[in-house]
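Asks: For the sequence shown, this note's numbering begins at 135 and goes up steadily by one. We treat Cβ as the ideally placed atom computed from N, Cα and C, and that holds for glycine. Quick one: the structure is below, and I'll ask about it shortly.
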Amino acid sequence: MNANRRRFLTTTSMALAAAAAGRSALFARVSQSAGAGQAGPPAAPPTAFAALRGTIGTFVGQGGTIGYHIGKDGVVVVDAQMAPTAQIALQGIRERAGGRMIDVLVNTHHHGDHTEGNAVFRPAVKRILAHVNVPSLQRAAAAQQAAARPGAPPPEPVVADATFVNTWEEDVGGERLALKYYGAAHTSGDVVVTFAKTDVVHMGDLVFNRRHPYIDRPAGASISNWIKVLEAVAGEHGSDTQYIFGHAGERFPVTGARADLLYQRDYLTALLEHVRRELTAGKPKDEIVKTAAALRGFPDHGPLVPRVLTAAYEELAG
Ligand SMILES: [Zn+2]
């Protein structure tokens, strides 16, 4: 956590913590790390608002980083996290926006840690926007979760009410909001969200800053195309553009610059090369996909983990 982020650290209310209690295993883990476990109400998940540039800020909590733009007559929010911290984000954004409705909520992709909070935001949001593949991926993920947990049926996921295929642009609150789909990468529904005037870009999960990514092959992920996507985004924006990342390693920021996009590109390239070498050497799958030393040149990510090796193996082995 950098000093800038620490400065904006906010303490969340116990009422919200109580409402959030027991929501998920991830929440339990976050609570424990925040010192819960003794008698009494659980600790709230750690959350933080941070100013980024001009009208744009970030919120970190439980799930992918939320980005927001608060203009004089319009508000945009990018991603909604899990429900417990969505509540905290919504309250803080509305306070900062003087109680205004949110004009647009963008889902960068369908994963629950970016969309579960849609249900919390829904009453305060005029429109939810996403790539055309996102609602069906979201419903499929919800059905899969329901099948894994028989019993009470889970609530229907709240999905986007407007979708697009390649690009979407509109003016909101003095900003030019531009969404663009570059093809399969982390999933098959990732959009890059650009605030053109302020020159800030939300990358969703196209960047896991110095952290092993989740590569969702069942949802259409492609590492080789992900590499091209990062290259394209870096090429289409200036050297001064500020980027927001879905996730980051513990000691690394959730915002950064073009160099961080290219670092993510180089990591994915090295991952594919590593697995290709192992395949060429004739190693069997179970040996290739077990935990291994860090990729050479990428010590910050720590040891290679089975989930990224399996995704690379399956992509290369076909
Ligand atoms: Zn994701």
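Relative to the C-alpha of Ala-185, which residue among Gly-354, Ile-378, Arg-310 and Ala-296 is closest?
Replies: Ile-378
Asks: Out of curiosity, what's the CA-to-CA distance linking Arg-441 and Tyr-348?
Replies: 8 Å
Asks: Given a cut-off of 9 Å, decide if Gln-272 and Thr-94 are closer than it, judged by their beta-carbon atoms.
Replies: The structure shown does not extend to residue 94, since the chain is modelled only from 135 through 452, so no value can be given for it.
Asks: Whose beta carbon lies closer than 5 Å to any heavy atom of ligand 1, going through the chain in order?
Replies: His-245 and Asp-339
Asks: Per DSSP, what kind of secondary structure is Lys-314 in: helix, strand or coil?
Replies: strand
Asks: Looking only at C-alpha atoms, which of Ala-214, Gly-232 and Thr-242 sits nearest to Gly-251?
Replies: In terms of Cα proximity to Gly-251, the closest of Ala-214, Gly-232 and Thr-242 is Ala-214.
Asks: Mapping DSSP to helix, strand and coil, what is Gln-215?
Replies: coil
Asks: Using the rule of at least 16 other Cβ atoms within 10 Å of the residue's Cβ for burial, across every protein chain shown, is Gln-279 buried or exposed?
Replies: It counts as exposed.
Asks: Quick one: complete beta strand (DSSP E) runs, 3+ long, within the stretch 232–256?
Replies: 236–240
Asks: Under the rule that 16 or more other beta-carbon atoms within 10 Å means buried, what is Glu-303, buried or exposed?
Replies: exposed
Asks: Between Ala-264, Gly-307, His-244 and Thr-297, which lies nearest to Asp-237 when the distance is taken from Cα to Cα?
Replies: Gly-307
Asks: Between the Cα of Ile-361 and the Cα atoms of Leu-263, Tyr-316 and Glu-412, which residue gives the shortest distance?
Replies: Tyr-316
Asks: Per DSSP, what kind of secondary structure is Glu-365 in: helix, strand or coil?
Replies: helix
Asks: Determine whether the beta carbon atoms of Val-268 and Leu-239 lie at a separation below 9 Å.
Replies: no
Asks: Taking Cβ to Cβ, would you say His-320 is nearer than 9 Å to Arg-345?
Replies: no
Asks: In this structure, how does DSSP classify Ala-451 when only helix, strand and coil are distinguished?
Replies: helix
Asks: For Arg-294, which residues from the same chain have a beta carbon less than 7 Å from its beta carbon, with the 5 sequence-adjacent residues on both sides left out?
Replies: Here residue 294 turns out to be Ala, not Arg, going by the sequence shown. The beta carbon of Ala-294 sits closer than 7 Å to those of Asn-241, Ile-262, Leu-263, Ala-264, Val-268 and Pro-269, all from its chain and outside the five residues before and after it, given in chain order.
Asks: Whole angstroms is fine: what's the gap from Glu-448's alpha carbon to Leu-438's?
Replies: 16 Å
Asks: Report yes if the C-beta distance between Leu-313 and Thr-332 is below 9 Å; otherwise report no.
Replies: no
Asks: If you draw a straight line from the alpha carbon of Val-254 to that of Gln-221, how long is it in whole angstroms?
Replies: 6 Å
Asks: My assumption, with CB atoms under 8 Å, is that Val-409 sits in contact with Ala-446. Please give the rounded CB distance.
Replies: 4 Å
Asks: Give the C-beta separation of His-435 and Leu-443 to the nearest angstrom, bearing in mind that I take them to be a contact with Cβ-Cβ under 8 Å.
Replies: Wrong, their Cβ atoms sit about 12 Å apart, outside the cutoff.
Asks: What are the boundary residues of the beta strand (DSSP E) that Leu-263 is part of?
Replies: 259–265
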